[in-house]
Amino acid sequence: MTIRSGRRHTATAGIGRRGLAMALGGALTAGALAACSSDPTQGSSGGGDTGVLNMYLYQKPKTFSPLAPNNGPDQLVMSFIFDSLYGADASYALRPRLAAAAPQVSEDARSVTFTLKPGLKWSDGKPLTAKDVVFTYNALANPATGSAQAGRFAAVDGAGDLADGKAASLKGVTAPDDTTVKIATTRPAAGLPGLIGNIPILPEHVLGRLPVKGLGDDAFFTRPTVGSGAFTFVQYKTDQYVELAANPHHRQPASIKKVFLKPVTSDVATAQLGTGEMDLAQISPTDLPAVRKLKDVKVVTAKSPGFNRIAVNQSQTRFKDERVRQALLTAIDRKGLVDKVLAGAGTVVDSSFYGDLAPSGAGYPYDPEKAKSLLAAAGWDSSKPVTLSWVPGQRDRDTAATVIQNQLKAVGVNVELKQVQVDALLSSYEKKSYDLALFGGGNYATEPSTVATIDACDQAYPAGGNVAHFCDAGLDGLLKKADAVADPAARKSVFQEAAKVENAKVPYLWLYNPDTIWAYRTRLSGFEPSGVPTNEVGFWEQANWKLG
Amino acid sequence: MAGYVIRRLLVNALVFLLISVGIFTLVRIAPGDPVRMMVDPEQMRGGGAAFIEAKRRELGLDRPVVVQYFQWLSGALRGDLGYSYVGHRPVGAVLGERVGPTLQLMGAALAVALVVAVGLGVAAAVRRNTAVDYGATVLGLAAVSVPPFFLGIVGIYVFSLKLGVLPSAGMTTPGDGGPADQLRHLVLPGLILAFVTAGPFTRYVRGGLVDEIGADYVRTAEAKGASPARVVLRHALRNSLIPLITVVMYQIPQMLAGAVVIEQVFAWPGMGQLAVSSIGQHDHPVIVGFALYVAVLVLVCNLVADLLYAVVDPRVSLR
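Protein chains in written order, with the working numbering: chain A, 869 to 1416; chain B, 14 to 332.
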C-alpha cells in the first residue's frame, strides 16, 4: 500500500459543492449538540407550557364540517370549536349545552320544541340565536349542500320537498323568537332530539351568504373562522397539529389558553406522554403496562358505547335460523376475550341497546356443549367452511379473530380467517358475499331508536347500516312504536321490550364494549374521561380543564 | 448538446404521458370505491345509497374511465390536477405544501450522507483491508439491511424517551417553530435517512477510489513526486467521484422511498405521509398527482445524471 497519508490533509480544492454539503452537515451536527444541552420538557421549545395543552389525535382530521360523513377525529376537533344544543353525559344521556332545558316533545310526538340559553354568543361576539339553528338544520337536511346527514331529518315536515328541490327550506322548522326552535314532523318522531340535537350549530351570519349548492365544500370548513365552542380554531398545520385558542365569548371561558391537537402514531403518543410533549392521550389496552410506568402520568378509564361485534350474513339460508346465531354466540368465550385481549378493560354485552335498556340476566354465557346441541338442532352442516372477514391492524381485533376461530372450530364450525381491506368488506356487505364479519363501531346509547339503522328491514346496506341483512317485523314494530311515545319513561319500557326481542334473535354476535382509556400528565386537572369525546357520544367540559 | 437536451425532453414528455395513462388507469381500475369509503355503514340512515350515488355523480366517477382520463388530462395541461376527495382542496395545493418538508428532509440527509460517504469511502480505500475498511463495510451493510422504521423507533426510544434530548415527532413544536426548533426536529429523521443513504454511496466511493488508485496516471503522479494526499484528493478522488454523480441522481428517487417510511415514523408532514394517507383513503386525484410527481422526479434525475456526466467527464459525448 503506497498511499496512506491522505487523511491528514484537508481538501483544499472543490470547495463549492462539497463545502456546502459539509456546512449543512456541520449545521446538523451542531443542532444535535445544541439539542443535547436543552431539555425538551422545559421552556418554549418543548411541551409543559402553562396554559398550553398538547393532546393526541388518533387520526388526521379531514374536514371540520357537520355536513360531512361522521369521522371520529373531525368530530373530536369540532367538539372543541362548535357547540350543539345537546350533548351526551358520562352515562350517554342527552344533556343541554346550548339548550336551556330538555327538549319538549308534544303528546302525539309530532312536534318538538327546543329552547336556547339566553345571551349566547359566537366567538366573534355576534349573538347566537334560534335563526342559526334553523339555518343549520336546513343546511343539513338539504343534500344539495353535500350533506351526508339528510337522513336524520327524514321525519321533519318538508324534508322530502327540500331534498327534491321543490322547496328552498324546511317547512317544519321555524324560529318564533330568538331562543325558540319549533320542529313539526310528518310522523311521530320522539327520537328526533337524540338524532339531531347533537349536531354542531353553524353561524348563519357567516355561511348564510354563501350559495347553498356545495356549501359543505366551502373553505370555511377547512378553516372555521367563527364557532361557539370553548375554543376557536386558529390553524391546521397539515399533518402536524390543529391549533386552538380559548374563545373569550364562550359562556364559561376556558382557563387553558391554547390547545394543540397532534395526529401522531399511538407509539409516538405514548412516548410523548413520557417526555412531556403530550398532556392527554387515548391509549390502547396493550399500551397500558408501559403507560402505567410513566412518571407524572395518570390513567383513567370510561365505559364506552363503542363495540366490537360480528355481523352474520343472514341472506344465506344457513344463517337464517336464529338457533345457529345463538349457538355461535354461545360458542365464544367473550368474558375470556375481555380479560385476555383487553386486559379486563371492557364489558361483555348482549344487545345493541345500552345500559339499563339492555336485557339483564344470564345472556349467552360461554357454553360449547350448548352451542353444539343448538347447531345440531338447527341441522348445521359442519362440512361447509365459514369465512370470518375483518380489516386487520387493530391489535385487539386481530387477536380476537384467532381466538374466535379456535372456539368456533371446537363446536364444529369450520372457520377460515380472511383479512380484507375496508372497501372490500363494504362491497361484500353489498354483494352479500361475506359469511361472518368482525367489525367495530359507534353507539346507540344516546338515542336508542338509532338501533334501527343496523337492525331494521328497510335499512339493508347500502341504504342503511343493516349490513347483516337481518329482518324481524316484530322488532321493527317496537322501534316504530317507540317513536310515537313522547313520555320518556314509557318510551324506555318500549325499548326494553325491543332489546329483549333483539337479544333473542341475535342479529349480530355482540362481543364487547371496550373501555376508553385515557392517560394524562398530572399537571392537567378537571379532566373527566368520557367515551369518545364527540358531541354524538359523550362530551367534555373543556372549559373546566386547568393546567397546573 | 442543446439538441440532445431538447430530444431528451421530448422523449421524456412522451414517457410522462404514457406513465400518466398507466397510473390513471391503474388507480381507477384498482379495487376500492372512494365514495363508499366516505360513509361508515352505521352512519347511513336510510339515505346512504342516495348519498353515494349523488357523490359519485358529483365526482364524475359514473363516467367511463377514458372520458375521465381525458377530462383529467385537459385539466392537467392547464395546470389543474383536480380536487382532493378528502378535504376538497386543489391537488396542486395539497402536493405543494408537502414538497418543502420532504425536500428539507431529503436535502439535509443527502448532504450528510455525501459527506459521510466520501470521508468514509476515502478512508476505507486508502486503508484497504484494515480495521477502518472492515468497519466501513460493516456500517455500509448495516445501513442497507436494517429497516429505517426500526432505526426510527430505536432513535425515538433512546434520544427522546430515555435521554430526553430530541423531540420524538413532528417538524416543529406546536407554538414554536423557529429555526433552532426545526433543526432539532430534523436531527433524528435526517440522520437516520442519511445513514441508510450513505451505505451504498460509501461502497461506490471506496470501489471507485480503489480502481483509480491502481490506475497508471496515479502512479505517474506519484512518480513525479506529488504528495500522497495530493494524489488521492486532487487526482484519484476527483475521477472516482464521476460514477457517484450518476449513482446519487439515480438514488434520489430511491431515497424518497426511505423518506416515506421516515415520514410515517416521525410524523413528518411531507410527500410520503401524504401518499400513504391518500392511498388509504382512495383519494384518487392525490394518488395520481403523487405518482406523477415521482415520475417527474425520476425522469429529471436521469436527465440531470446524463448531463452532469458529460460535464464532468469530457470523454462522454451527447448526441
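We put the CB at the ideal spot given by N, CA and C, even for glycine.
Counterpart residues of Glu1284/A in DSSP-defined beta bridges: Looking at the DSSP output, Glu1284/A sits in a beta bridge with Thr1255/A.
Anticipated Cβ contact below 8 Å, His248/B with Pro47/B, distance rounded: So it is not a contact: roughly 59 Å between Cβ atoms.
Same chain, Cβ closer than 7 Å to Lys1300/A, five either side skipped, listed in chain order: Asn1181, Ser1183 and His1337
Considering Ser290/B, what are the terminal residues of the alpha helix (DSSP H) in which it resides? Met284 to Gly293
Along the segment 57-86 of chain B, where does the CB come closer than 9 Å to a CB of chain A? Name the residues. Met57, Arg58, Gly59, Gly60, Gly61, Ala62, Ala63, Phe64, Ile65, Ala67, Lys68 and Glu71
Proximal residues of chain B, C-beta to C-beta of Arg1020/A below 7 Å: Arg58
Between the segment 1374-1382 of chain A and the segment 1354-1364 of chain A, are three or more C-beta pairs nearer than 8 Å? no
Within 8 Å, strictly: CB atoms of Pro929/A and Pro937/A: no
Contact criterion: CB-CB distance below 8 Å. Does Asp907/A meet it with respect to chain B? Bear in mind that the predicted position of Asp907/A carries a pLDDT of just 37, short of 50, making it unreliable; the figure below should be weighed with that in mind. Yes, contact with chain B.
Suppose you measure from the CA of Arg1160/A to the CA of Pro1153/A; what does that come to, to the nearest Å? If you draw a straight line from the Cα of Arg1160/A to the Cα of Pro1153/A, it is about 11 Å long.
So the candidates are Arg1193/A, Lys1238/A, Pro1253/A and Gly1174/A; which of them puts its Cα closest to the Cα of Thr856/A? Nothing can be reported for residue 856/A, as the shown portion of chain A is limited to 869 through 1416.
Residues of chain B with a CB under 8 Å from the CB of Gly1231/A: which are they? What Gly1231/A touches in chain B: nothing, since even the nearest Cβ is about 23 Å away.
Tell me, which residues are paired with Met923/A by DSSP? Leu1129/A and Leu1148/A
Interface residues of chain C around Lys928/A at Cβ under 8 Å? Here the protein chains are A and B, and chain C is not one of them.
In chain order, what residues of the same chain have a beta carbon less than 6 Å from the beta carbon of Met284/B, not counting five sequence neighbours either side? Arg111 and Thr115
Taking the beta carbon of Thr1185/A as the centre, do at least 16 other beta carbons fall within 10 Å, making it buried, or is it exposed? exposed
Straight-line CA distance for Asn1381/A to Ala304/B? Taking C-alpha positions only, Asn1381/A is separated from Ala304/B by approximately 41 Å.
By the criterion of Cβ-Cβ separation under 8 Å, what are the contact partners of Ala280/B in chain A? Correct list: Asp1107, Gln1108, Lys1130, Pro1131, Val1132, Thr1133 and Val1136.
Taking its Cβ as the centre, do 16 or more other Cβ atoms sit within 10 Å of Ser87/B, making it buried, or is it exposed? exposed
Going by beta carbon distance, what residues of the same chain come within less than 7 Å of Val1094/A, once the five residues before and after it are set aside? The residues are Trp990, Ser991, Asp992, Pro1071 and Val1074.
Contacting residues, own chain, Cβ-Cβ under 8 Å from Met57/B (five flanking each side not counted): Phe64
Within-8 Å CB hit, Arg187/B to chain A: Note on identity: in this sequence residue 187/B is Pro, with Arg being the wrong assignment. Yes, Pro187/B counts as interfacial toward chain A.
Beta-carbon proximity of Glu814/A to Asp1323/A, cut-off 8 Å: An answer regarding residue 814/A cannot be provided, because it is not within the stretch 869 to 1416 covered by chain A.
Buried versus exposed, by CB contacts within 10 Å (16 or more), Tyr263/B: exposed
Thinking Thr1133/A and Leu174/B are a contact (beta carbons under 8 Å), I'd like their distance in whole angstroms, please. Taking C-beta atoms under 8 Å as the contact rule, Thr1133/A and Leu174/B fail to qualify, at a distance of about 14 Å.
Please list, in chain order, all residues of the same chain as Arg1263/A whose beta carbon is under 7 Å from its beta carbon, the five residues on each side excluded. Ser1152 and Thr1154
Using a Cβ cut-off of 8 Å (strictly closer), state whether Ser1295/A contacts chain B. yes
Can a CB atom of chain A be found closer than 8 Å to the CB of Gln286/B? yes
Interface residues of chain B facing Tyr1329/A [CB-CB closer than 9 Å]: Pro54, Met57, Gly61 and Ala62
Indicate the three-state DSSP secondary structure (helix, strand or coil) for Glu1190/A in the structure shown. helix
Name, in chain order, the residues that DSSP records as bridge partners for Ser979/A. Ala1052/A
Any chance the segment 308-319 of chain B sits against the segment 24-36 of chain B, with 3 or more Cβ pairs inside 8 Å? yes
Considering only their Cβ atoms, is the gap separating Leu118/B from Gly190/B smaller than 8 Å? no
Beta-carbon of Asp1351/A versus every beta-carbon of chain B: anything under 8 Å? no
Report yes if the CB atom of Asn1311/A is closer than 8 Å to the CB atom of Tyr1222/A, and no otherwise. yes
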